[in-house]
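Asks:
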Amino acid sequence: MTGLQELDWCLRMLLAALCGGIIGFERKSKAKTAGIRTHALIALGAALAMIVSKYGFFDLLRITHQNWSVDPSRIAAQVVSGIGFLGAGTILNRHDHVINGLTTAAGIWVTGAIGLAYGSGLYSIGVTGTICVLIAEMLGKYIDQFALRRGREFSCFLLLDGGTKRLYEVIDQLNHQDFRAPLKHTVYSYQNGTVSCRLFGELKPGVKTEEIFTELANMTSVKKSN
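Residues 31 to 256 (this note's numbering) make up the sequence shown, in order.
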């Protein structure tokens, strides 16, 4: 082990933390919970784990003189699994059926993978991965806006009281302002006045899926919608 090699390892960790911080800065600029420090620490920790896994046991092998083999992928696999718990902590299911944090969770997972790439000495892979993440996160908003202007498909499961008469009233109410064409529906079951069905159709341009679920949640006859 030489001083030059140790310097290279330090460079790997610094680059991993830097790229993680850049990704975190983009997330923080959009007021997300996981920001610069979180992403930088994740990338740094992943790089450190990869370096230890790849180079940390050479002295032991020299001392024992045993014909052992080291599998560097073991710790890397555990890092990926561990980051999954962090990602799960950023996902929130709100009362209005809107799920927040999926993009941030995916970014955390990819940031860990970028850290592993730097820890392995794959500098070009780490840089390319960072650039791809930034492009996806910055352009994704505009792609969503473009899709929203063109309208999008809508589908939801619905459980409501009042029988089929109330079901048709709900459909008429939604059709009035939110959908390009009349909603279609498939009834799964009907028991004691409770209808279980699925609604599907095409939203008008500018109408968000969240708005439909909020509207359904405000209807007293609707027991469940997702």
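Just so you know, even glycine gets a beta-carbon here, dropped at the ideal spot from N, CA and C.
The structure presented is a predicted model; accordingly, all values stated were derived computationally and were not measured.
What residue does the alpha helix (DSSP H) around K58 start on, and which one ends it?
Replies: For the purposes of this step, residue 58 is identified with residue 28 of the sequence shown, where counting begins at 1. Segment 33-58, the alpha helix (DSSP H) holding K58.
Asks: Using 8 Å as the cut-off, can you tell me whether the segment 155-174 makes contact with the segment 196-214, which would need three or more C-beta pairs spanning the two stretches below that distance?
Replies: Verdict: no, contact absent.
Asks: Go to L190, then tell me how far its beta strand (DSSP E) extends in each direction, as first and last residue.
Replies: Position 160 of the sequence shown, counted from the first residue, corresponds to residue 190. Here the beta strand (DSSP E) through L190 covers 183-191.
Asks: Roughly how many angstroms separate the alpha carbons of H215 and C227, rounded to a whole number?
Replies: Sequence index remark: in the sequence shown, residue 215 carries index 185 (1-based). Sequence index remark: in the sequence shown, residue 227 carries index 197 (1-based). Their backbone Cα atoms lie some 7 Å apart in a straight line.
Asks: Please determine, among V109, N256, S59, the residue with the shortest C-alpha to C-alpha distance to A73.
Replies: Counting from one through the sequence shown, the residue named residue 73 turns up at place 43. Here the closest residue by C-alpha is V109.
Asks: To which residues does DSSP link S150 through a beta bridge?
Replies: Locating residue 150 in the sequence shown gives position 120, counting from the first residue. Answer is none; S150 lacks a bridge partner.
Asks: Whole-angstrom Cβ separation of V225 and L190, contact assumed at under 8 Å?
Replies: Walking along the sequence shown from the start, residue 225 turns up at place 195. Walking along the sequence shown from the start, residue 190 turns up at place 160. Yes, they are in contact, since the Cβ atoms of V225 and L190 sit about 6 Å apart, within 8 Å.
Asks: Could you give the DSSP three-state label for R228: helix, strand or coil?
Replies: As a first step, residue 228 is located in the sequence shown; it is residue number 198 there, counting from the start. It is a strand residue.
Asks: Taking K234 as part of the beta strand (DSSP E), name the residues at either end of that continuous run.
Replies: Here the question's residue 234 lines up with position 204 in the sequence shown. Per DSSP, K234 belongs to no beta strand (DSSP E) and is neither H nor E.
Asks: Ordered along the chain, which non-local residues of its own chain (more than five positions away) have a Cβ less than 6 Å from that of V140?
Replies: Taking the first residue of the sequence shown as position 1, residue 140 is located at position 110. Result list for V140: V163, in chain order.
Asks: Starting from the Cα of A70, find the closest Cα among T120, I138, N130, K60 and give me that residue.
Replies: Walking along the sequence shown from the start, residue 70 turns up at place 40. The residue with the shortest Cα to Cα distance from A70 is I138.
Asks: Quick one: grab the DSSP three-state call for K84.
Replies: Within the sequence shown, numbered from 1, the residue matching residue 84 stands at position 54. Here K84 sits in helix by DSSP.
Asks: Indicate the three-state DSSP secondary structure (helix, strand or coil) for S251 in the structure shown.
Replies: Sequence index remark: in the sequence shown, residue 251 carries index 221 (1-based). Coil, per DSSP.
Asks: Since Q108 is in the alpha helix (DSSP H), which residue starts that stretch and which ends it?
Replies: Taking the sequence shown and counting its residues from 1, one reaches residue 108 at position 78. Run containing Q108: 103-119, per the alpha helix (DSSP H) assignment.
Asks: I'd like the span of the beta strand (DSSP E) that includes K214, first residue to last.
Replies: Residue numbering aside, residue 214 sits at position 184 when the sequence shown is read from its first letter. Residues 214-221.
Asks: Can you list, in chain order, the residues of its chain with a C-beta nearer than 6 Å to that of S185? Leave out the 5 residues immediately preceding and following it.
Replies: Numbered from 1 along the sequence shown, position 155 holds the residue referred to as residue 185. The residues are F230.
Asks: Under a three-way DSSP split, which group does N256 fall into?
Replies: Within the sequence shown, the letter at position 226 stands for residue 256. Coil.
Asks: Just checking, does the segment 50-64 make contact with the segment 34-41 on the three C-beta pairs under 8 Å criterion?
Replies: Contact fails: fewer than three Cβ-Cβ distances are below 8 Å.
Asks: Where does T120 land, buried or exposed, given buried means 16+ other C-beta within 10 angstroms?
Replies: Residue numbering aside, residue 120 sits at position 90 when the sequence shown is read from its first letter. Result: buried.
Asks: Which residue's Cα is closest to the Cα of R210: N222, K234, Q221?
Replies: Here residue 210 is taken as the residue at index 180 of the sequence shown, counted from 1. Of the candidates N222, K234, Q221, the one whose C-alpha sits nearest the C-alpha of R210 is K234.
Asks: With 16 as the cutoff for other CB atoms within 10 Å, does Y153 come out buried or exposed?
Replies: As a position in the sequence shown, residue 153 is number 123, starting the count at 1. Y153 is exposed by the Cβ-count criterion.
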